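In our numbering, the protein residues as written are 364 to 470.
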């Protein structure tokens with residue numbers, strides 16, 4: 364099972380990695396954002412990396428082995444881990460339900 368609770372990545376890494384959610388159409392889409400201390404208040408532009416998990420995974424499991432958390436800490440950039448939809452009418456596991464993407468009943 365994927366832990367997509369608000370504190371899932373904070374618990375994973377032991378530092379604040381808050382979850383934020385927005386509504387996209389009628390779907391709630393959530394993501395976690397890690398801003399290392401070195402990037403807080405930085406005056407120059409800071410890079411952002413989106414670490415996107417595959418079908419059936421979630422940010423907590425994927426971030427554990429992708430390496431982007433440590434790389435962001437070492438090289439001072441922001442990482443965002445979006446959560447795929449876990450709505451049962453769309454799929455049986457977390458995935459990216461997007462126009463032209465996975466549609467129930469299609470192969």
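Yeah, the Cβ is synthetic: ideal placement off N, Cα and C, and Gly gets one too.
The structure presented is a predicted model; accordingly, all values stated were derived computationally and were not measured.
Out of 431, 423, 404 and 397, the CA that lies nearest to the CA of residue 371 is found in 423.
Ranked by Cα distance from residue 382, the first of 393, 389, 388 and 407 is 393. The Cβ atoms of residue 412 and residue 380 lie no closer than 7 Å to each other. Bounds of the alpha helix (DSSP H) holding residue 434 are 431-438.
Among the bridge pairs identified by DSSP, residue 401 is matched with none.
Linking residue 378 to residue 398 through their CA atoms gives a straight-line distance of about 10 Å. Apart from sequence neighbours up to five positions away, the residues of its chain that approach residue 375 with a beta-carbon distance below 6 Å are 423, ordered along the chain. Residue burial annotation: residue 395 is buried, with at least 16 other C-beta atoms found within 10 angstroms of its C-beta. Counting only residues of its own chain and dropping the five nearest sequence neighbours on each side, residue 429 has a CB closer than 7 Å to the CB of 414.
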